[in-house]
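There are 2 protein chains.
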Amino acid sequence: MPNLDKSLIAGLPPFQKLSADEMEFVLSHARSARYSRDSAIFSQGELAQSFFLLLSGYVRVVRTSPEGDQVVVRYINEGELLGIAIAMGTPTYPATAVAAVDCIVLIWPNAIWPQMQERLPSFCTSTYRTIGTRLQETHDRILEISNEQVEQRVARALLRLVQQAGRKSKDGIAIDFPISRQDIAEMTGTTLHSVSRLLSGWEDEGIVRNGRQKVIITDQPQLTLIAENRRTRRKA
Amino acid sequence: MPNLDKSLIAGLPPFQKLSADEMEFVLSHARSARYSRDSAIFSQGELAQSFFLLLSGYVRVVRTSPEGDQVVVRYINEGELLGIAIAMGTPTYPATAVAAVDCIVLIWPNAIWPQMQERLPSFCTSTYRTIGTRLQETHDRILEISNEQVEQRVARALLRLVQQAGRKSKDGIAIDFPISRQDIAEMTGTTLHSVSRLLSGWEDEGIVRNGRQKVIITDQPQLTLIAENRRTRRKA
DNA sequence: CGGCACTTTGACAATCCTCAAGTCTCGTGG
DNA sequence: CCACGAGACTTGAGGATTGTCAAAGTGCCG
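First to last, the sequence lines map onto chains A and B.
Sequential numbering from 32 applies to the first sequence in this note's numbering.
Sequential numbering from 32 applies to the second sequence in this note's numbering.
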């Protein structure tokens, strides 16, 4: 196993308060792996044997219903944990994680979780905070889907993506990973057709620029207006 | 402070594995309180200073958006924890808890959480499992709202209520607490009007019997059919 | 260069929300 | 005990939003 350097994880929230020794301990039990774009890091229903930290790239987490419908649960950024079924007492992964771009992850076997709980309480606290935050974000999403129009929801989703994974390009702010209309639809509870229509309309108004699996936001203030104005009927 | 008897909590999942001494310890830090119907146990945004266990009654947990829209996050049953912001590292309560009927709760100050973490790991593990389960249920709800019609969603919500708080009555299975059309609407992301129409229709078909803040399910198999029989929203 | 996946766009329709007007139930106070 | 009022519920009409169906572009990879 290659040596993993402390600089990989130093400064990341989960490891914020750890001493050099403790980071050594953490890394000594981790291995790293590379996942190429569109490959699965773990799959829904699979027995959870490890938990993960994303070192580089972006991961899309997808949940599938028994009927085969899907939603995008979230996108994971660099430095975030994923697959932490062990911390939730779940024997299997509750969703599927797919590399949205080529990714590098650290992997720990679930077996060391008890030790970490004992020796690194600050790490665990951080993990539980992460789960709590995600629960609340999910509730906010239910509020959104329940009470807002498709237009607002898509606008908000884009703004969140900009916030989370925006990268300055010369035309505006681009989402830093490939994302399809279908993906956006699965984030907002609508269809790819509606998303496509909205994006086309916004492009005509100079708010975004569209491409294949690509969205560039060129007028964020205007998009924010759309997200907040419930029920602004704009005509051609 | 009145003496709290171990029999109050013995057998409840969070305290399953505790010794008599440990239960003594837990109870020595708890106080009990009574909340009358429609009163708030804690409020969204309020500084979280305690966590709770519902001994008797039912509690409705509601989340409100900045715009004032509400959704019912869940109903809490007897024996369940609520207001466990401390376990999620949240300084304030993320939702409001309202007594759906007269309730009795146990209350612990957040200050003793660190001690419990240290002395009663099984209790904490159970708490984290609870949070994990709720996160997954919430994701399932997003799947439902995103992909199913109003009719299916309301049917499913009723079935879940039956499962969770069904009580045999001579006509069928009644929901064991008062629940309005508006409440059901806020559970399913629709309007009280749509819920009312559906329930009226189902009453005509002999599937339910309706009353003021009351629903009795008389034909559960038929309702299950409605919940599952969905016009799929699938794409090519 | 061919094929595939992604995207766009039009036409149409239905689900479900909004608005509006009642009716019914129940608790409270006279 | 009865009347009253407020909150809960029902129901109808109408139409906007947005999903469905269909078909044709378009960019990209091998």
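The beta-carbon is built from N, C-alpha and C at its ideal position, and this holds for glycine as well.
Simplified DSSP assignment, three categories, for residue i
i	result
Arg212 (chain A)	helix
Asn34 (chain A)	coil
Lys48 (chain B)	coil
Pro252 (chain B)	helix
Val132 (chain B)	coil
Leu43 (chain B)	coil
Pro122 (chain B)	coil
Thr127 (chain B)	strand
Thr221 (chain A)	coil
Leu137 (chain A)	strand
Ala267 (chain B)	Legend: pLDDT at Ala267 (chain B) = 24, less than 50; position of this residue unreliable, value from coordinates given subsequently. Of the three classes helix, strand and coil, the one that applies to Ala267 (chain B) here is coil, per DSSP.
Residue interval of the beta strand (DSSP E) (run including residue i)
i	result
Ser63 (chain B)	62-66
Asn241 (chain B)	239-242
Ile107 (chain B)	101-107
Ile143 (chain A)	Per DSSP, Ile143 (chain A) belongs to no beta strand (DSSP E) and is neither H nor E.
Those residues which DSSP pairs with residue i across a bridge
i	result
Leu113 (chain B)	B:Phe83
Ile247 (chain A)	A:Ala205, A:Arg240
Leu78 (chain A)	A:Thr123
Phe73 (chain A)	A:Ala128
Arg91 (chain A)	A:Tyr106, A:Val129
Per-residue burial, residue i [other beta carbons within 10 Å of its own, 16 or more giving buried]
i	result
Leu113 (chain A)	buried
Asn108 (chain A)	exposed
Asn34 (chain A)	exposed
Asn178 (chain B)	buried
His224 (chain B)	exposed
Asp69 (chain A)	exposed
Asp52 (chain A)	exposed
Asp36 (chain A)	exposed
Pro252 (chain A)	exposed
Gly242 (chain A)	exposed
Pro45 (chain B)	buried
Arg198 (chain A)	exposed
Arg65 (chain A)	exposed
Ala128 (chain A)	buried
Thr123 (chain A)	exposed
Arg265 (chain A)	Low confidence applies here, because Arg265 (chain A) scores a pLDDT of 34, under 50, leaving its location unreliable; read the following figure in that light. Exposed, because fewer than 16 other Cβ atoms sit within 10 Å of the Cβ of Arg265 (chain A).
Gly232 (chain B)	exposed
Asp202 (chain A)	exposed
Asp207 (chain A)	buried
Gly42 (chain A)	exposed
Gly237 (chain A)	exposed
Glu217 (chain B)	buried
Span of the alpha helix (DSSP H), counted from its first residue to its last, around residue i
i	result
Ala188 (chain A)	181-196
Asp171 (chain A)	152-178
Proximity test, residue i beta-carbon vs the ligand SAH heavy atom, cut-off 6 Å
i	result
Ile40 (chain A)	Annotation note on the ligand SAH: not contained in the displayed structure, which lists no ligands.
Legend entry - Cβ-based contacts, 7 Å cut-off: residues of the stretch 183-212 of chain A near chain B: none
Inset, instruction - Compile a chain-ordered list of the residues in the stretch 87-101 of chain B whose CB is closer than 7 Å to at least one CB of chain A. - result: Arg94, Ser96, Asp100
Legend entry - Against chain B: residues of the stretch 165-178 of chain A by CB proximity under 7 Å: Arg165, Leu166, Gln167, Thr169, His170, Arg172, Ile173, Leu174, Ile176, Ser177, Asn178
Inset, instruction - May I ask you to list, following chain order, the residues of the stretch 109-125 of chain A that have a beta carbon less than 7 Å from some beta carbon of chain B? - result: Ala118, Met119, Gly120, Thr121, Pro125
Inset, instruction - Could you list the residues in the stretch 228-256 of chain A with a C-beta less than 8 Å from some C-beta on chain B, going in chain order? - result: none
Inset, instruction - Closer than 9 Å, Cβ to Cβ, to anything on chain B: give me those residues from the stretch 58-81 of chain A, in chain order. - result: none
Legend entry - Members of the stretch 148-166 of chain A that neighbour chain B once the beta carbon cut-off is set at 7 Å: Thr156, Tyr159, Arg160, Ile162, Gly163, Arg165, Leu166
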